[in-house]
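These notes are about the structure you will find just below.
There are 2 protein chains.
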Amino acid sequence: MPRIDTADDELLSIRAAELYYDEDKTQDEVGAILGLTRWKVGRLLAAARENGYIRIEIVHPRARKLALERQLRERHGLTDAVVVPVAGARSESELRERVAQGAADYLAALRPVPRMLGISWGRTLHDVATLLGEQWAVGVDVVQVNGGVSVNQRAGTAAATAVEIARKASGEATLLPSPAILERVETKTSIENDRTVAAVLDEAAAAAAYLFSAGPATHSSAHIQSGYLTTGEMDELVRRGAVGDVWGRYINAEGMIVDPALDQRTLGLGLTSLQHASTAILVVSGESKHAVTRAIVRNGLCTALVTDEATALDLLTDTFGDDPDDKDNND
Amino acid sequence: MPRIDTADDELLSIRAAELYYDEDKTQDEVGAILGLTRWKVGRLLAAARENGYIRIEIVHPRARKLALERQLRERHGLTDAVVVPVAGARSESELRERVAQGAADYLAALRPVPRMLGISWGRTLHDVATLLGEQWAVGVDVVQVNGGVSVNQRAGTAAATAVEIARKASGEATLLPSPAILERVETKTSIENDRTVAAVLDEAAAAAAYLFSAGPATHSSAHIQSGYLTTGEMDELVRRGAVGDVWGRYINAEGMIVDPALDQRTLGLGLTSLQHASTAILVVSGESKHAVTRAIVRNGLCTALVTDEATALDLLTDTFGDDPDDKDNND
DNA sequence: GCCCTATTTGCTCATATGAGCACTCAGGGG
DNA sequence: CCCCTGAGTGCTCATATGAGCAAATAGGGC
Chain U
1 MPRIDTADDE
11 LLSIRAAELY
21 YDEDKTQDEV
31 GAILGLTRWK
41 VGRLLAAARE
51 NGYIRIEIVH
61 PRARKLALER
71 QLRERHGLTD
81 AVVVPVAGAR
91 SESELRERVA
101 QGAADYLAAL
111 RPVPRMLGIS
121 WGRTLHDVAT
131 LLGEQWAVGV
141 DVVQVNGGVS
151 VNQRAGTAAA
161 TAVEIARKAS
171 GEATLLPSPA
181 ILERVETKTS
191 IENDRTVAAV
201 LDEAAAAAAY
211 LFSAGPATHS
221 SAHIQSGYLT
231 TGEMDELVRR
241 GAVGDVWGRY
251 INAEGMIVDP
261 ALDQRTLGLG
271 LTSLQHASTA
281 ILVVSGESKH
291 AVTRAIVRNG
301 LCTALVTDEA
311 TALDLLTDTF
321 GDDPDDKDNN
331 D
Chain Y
1001 MPRIDTADDE
1011 LLSIRAAELY
1021 YDEDKTQDEV
1031 GAILGLTRWK
1041 VGRLLAAARE
1051 NGYIRIEIVH
1061 PRARKLALER
1071 QLRERHGLTD
1081 AVVVPVAGAR
1091 SESELRERVA
1101 QGAADYLAAL
1111 RPVPRMLGIS
1121 WGRTLHDVAT
1131 LLGEQWAVGV
1141 DVVQVNGGVS
1151 VNQRAGTAAA
1161 TAVEIARKAS
1171 GEATLLPSPA
1181 ILERVETKTS
1191 IENDRTVAAV
1201 LDEAAAAAAY
1211 LFSAGPATHS
1221 SAHIQSGYLT
1231 TGEMDELVRR
1241 GAVGDVWGRY
1251 INAEGMIVDP
1261 ALDQRTLGLG
1271 LTSLQHASTA
1281 ILVVSGESKH
1291 AVTRAIVRNG
1301 LCTALVTDEA
1311 TALDLLTDTF
1321 GDDPDDKDNN
1331 D
């Protein structure tokens, strides 16, 4: 192969990088090949890295994007963030599993270990329950914070999620025996005031930590599939600015309840519990949930976030949501 | 951020890699964070690399794929190969320019410098001419090896290519004043025997090196655009096994002339000149030319290849084209 | 033409890293 | 029950690398 002897340092730095990184040569050897001293080679390589020509990627489903995590913590005031890569994920569900795995790892490593964990339900949380290791903790009790699915074939999933998380931590699961959304406010109020239900809600309100996901305001919402909402009602919610739901409560981009009447018929803890929680872990993945994630994170409805790279980037790229005089975002 | 303390070494190696490669920590620091000795960290990183979890990529339009180049040389007996990355190329023409740049760099670095360079014509070679630096060599004469385009608005491109390459090397350009394909054999023979034309062909046959591209056997061929062939004739060539043309001569996958009668009407050097050349540099890019490239490379019609990553991979992935008892192809 | 300055180059030295080796320890067979 | 084996661990030492500094060099103003 003919030697390349260009005066151009940039090109030379690429040639050096090829030999150093791709061919595993030492800087000395690279120097011998290109006719340079080994110090010059070192400087060329430094320049190549400086210019961003060298990309090092960790390809593993359980890899994390620490730089994005740091930016999320700094720019959105989060206590913790876990960001998993999208590269190589072939489907939405594969991505969801990666995120769920990240959440399971995070939960198992969470200190102090919460005595009581409040959880919602959904496919994401169900995955988290499945992926949690046996004995991920010892003596963690679990309580549901909102009404469960009970109308269609997915009935039981909500309960199973809570039970499995508790079982794997040798703790007790407390279920909330109620629909998610009632047809009439009166029904909701009377259930809420029922002694057993009220006791569960009291327990939930006292939880040391919350683990929850969010739903999109689209026709694929679990609330529509479960029959709690019609597609028409969903369209109306969207028209009024809804971006998604948290604990069954539909919010707009400002994190405010979109439809107070509907919210009155929704059973479970209110969002103020989330706002005041010392540990509120949001687990969310997929493009359809970018908007609702933004609403949650930007309005302080979570203290920790477990998500995918694309969602993290979405949170970081929009400018108008941050303080204009915020810190610079280059790491 | 909570510490992760898994027994699983694989996961641990990913955590270590994140801190070492993404966060620029030393192995010592990584060890302190993960609660490991620095030797353990070194071993975990080695394992991560071993397992292919660390991908290092050089992102630059002029970067080269040395590993692929080596495999091409070894498996196809080439003297030289230049492979440029496709990553980041947004169009066929951008890719063609990258390859042309690679060819220009290669040509400028070629030793010994050929006294006489035989060239064909086409968009790719025109790009090479444009991208060659002024004074890329001194005293290199250029000669056309096959009849030029002269029918449509691209008239003059072929001549311009030769002239520019020669000018930038302070050499003379010798043009072949003739159409590429004649209607009747008799016309072709008489032109060929014309004193001036014969002299050019003699010069071309004596060239120290050839620089050429190839065309696909499709309706987008330059021969159709220039009016030398009709789409019907092309379809017939394809039916008879044509994969593309070299110097205006259509060949099949075995590198044989598809239509001897047509070939008789094609003016310029024959492919035997290419076969016996000590330096024959093929410059080719794009998916439409994979088949013809394969035919050329597998049948010894070039000694050096300048191409893109995708074409190189195409040449390397088909199994039945190589000696079954060839060397192993892991690098 | 000369000198002054800014940049580049070659070096010394401290540090980071990988190879190789001795040691430990768990588990299984005699 | 004890020894034996083999994986895994911690270490020593040689090598590779980056920081910092002095010498050289280029370029520009006077």
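Chains U and Y supply the protein sequences, listed in that same order.
Position 175, counted from 1, in the first sequence is what our numbering calls 175; the numbers after and before it change by one each time, with no gaps.
Position 200, counted from 1, in the second sequence is what our numbering calls 1200; the numbers after and before it change by one each time, with no gaps.
Even for Gly, the Cβ is constructed at its ideal location relative to N, Cα and C.
In this structure the segment 1036-1055 of chain Y does not lie against the segment 45-52 of chain U, because fewer than three pairs of beta carbons, one per stretch, are closer than 8 Å. Sequence-distant partners of residue 259 of chain U (beyond 5 residues in either direction) whose C-beta falls short of 7 Å from its own C-beta, in its chain, are 237, 240, 250. Proximity to residue 82 of chain U across U:271, U:69, U:270, U:75 peaks at U:69, based on C-alpha coordinates. Contact holds between the segment 1176-1190 of chain Y and the segment 1259-1277 of chain Y, because three or more Cβ pairs, one in each stretch, are under 8 Å apart.
By the Cβ test, the segment 1191-1202 of chain Y is not in contact with the segment 1101-1114 of chain Y, since fewer than three Cβ pairs between them sit closer than 8 Å. With 16 or more other Cβ atoms inside 10 Å of its own Cβ, residue 97 of chain U counts as buried.
Residues of chain U with a Cβ closer than 7 Å to the Cβ of residue 1063 of chain Y are, in chain order, 14, 18. Residue 34 of chain U and residue 42 of chain U have their C-alpha atoms some 13 Å from each other. Nearest C-alpha to residue 1089 of chain Y among Y:1315, Y:1314, Y:1012, Y:1310: Y:1310. Judged by DSSP secondary structure, residue 1123 of chain Y falls outside any beta strand (DSSP E) and instead within the alpha helix (DSSP H) spanning 1123-1131.
Taking 7 Å as the cut-off between beta carbons, the residues of the segment 55-84 of chain U near chain Y are 55, 56, 57, 58, 59, 60, 62, 63, 64, 66, 67, 80, in sequence order. Note that the C-beta distance between residue 231 of chain U and residue 223 of chain U is not below 8 Å. Take the alpha-carbon of residue 242 of chain U and the one of residue 1282 of chain Y: they are about 60 Å apart.
Between the segment 201-208 of chain U and the segment 152-171 of chain U, the count of C-beta pairs closer than 8 Å stays below three; the two stretches do not touch.
Interface with chain U (8 Å Cβ-Cβ cutoff): residue 1210 of chain Y is excluded. It is roughly 7 Å from the alpha-carbon of residue 1022 of chain Y to the alpha-carbon of residue 66 of chain U.
Counting the other Cβ atoms within 10 Å of the Cβ of residue 279 of chain U gives 16 or more, which makes it buried. One alpha carbon belongs to residue 1010 of chain Y, the other to residue 190 of chain U, and they sit about 53 Å apart. Burial is judged here by how many other beta carbons sit within 10 angstroms of a residue's own beta carbon; residue 185 of chain U has fewer than 16 and is exposed. One thing to note: residue 171 of chain U has its Cβ within 8 Å of the Cβ of residue 139 of chain U.
For residue 210 of chain U, DSSP records a beta bridge to U:118, U:280. In this structure residue 275 of chain U is exposed. Its beta-carbon is surrounded by fewer than 16 other beta-carbon atoms within 10 angstroms.
Residue contact with chain U for residue 1022 of chain Y: present (Cβ-Cβ distance below 8 Å to some residue of chain U). Going by beta carbons, residue 100 of chain U and residue 72 of chain U fall outside the 8 Å limit.
For the options U:307, U:228, U:277, the alpha carbon positioned closest to that of residue 213 of chain U is the one of U:307. Cβ-Cβ separation between residue 141 of chain U and residue 115 of chain U: approximately 7 Å, consistent with a contact (criterion under 8 Å). Look at residue 20 of chain U here: in three-state DSSP terms it is helix. Rounded to the nearest angstrom, the Cβ distance from residue 136 of chain U to residue 103 of chain U is 11 Å, too far for a contact under 8 Å. Annotation note: the segment 1020-1092 of chain Y contains the following uninterrupted alpha helix (DSSP H) runs of length 4 or greater, listed N- to C-terminal: 1027-1034, 1038-1050, 1066-1076. Residue environment for residue 1247 of chain Y: buried (at least 16 other C-beta atoms within 10 angstroms of its C-beta). Leaving aside the five residues that flank residue 314 of chain U on each side, the residues in its chain whose CB is nearer than 6 Å to its CB run, in chain order, 290.
If you ignore the 5 residues before and after residue 20 of chain U, its C-beta comes within less than 7 Å of the C-beta of 27, 30, 45, all in its own chain and listed in chain order.
The beta-carbon distance between residue 1014 of chain Y and residue 63 of chain U, rounded to whole angstroms, is 5 Å. This is short enough to meet the 8 Å contact definition. With its beta carbon at least 8 Å from every one in chain Y, residue 274 of chain U lies outside the interface.
Interface residue (Cβ-Cβ distance to chain Y less than 8 Å): residue 11 of chain U is classified as such.
Interface criterion met: the Cβ of residue 1053 of chain Y is under 8 Å from a Cβ in chain U.
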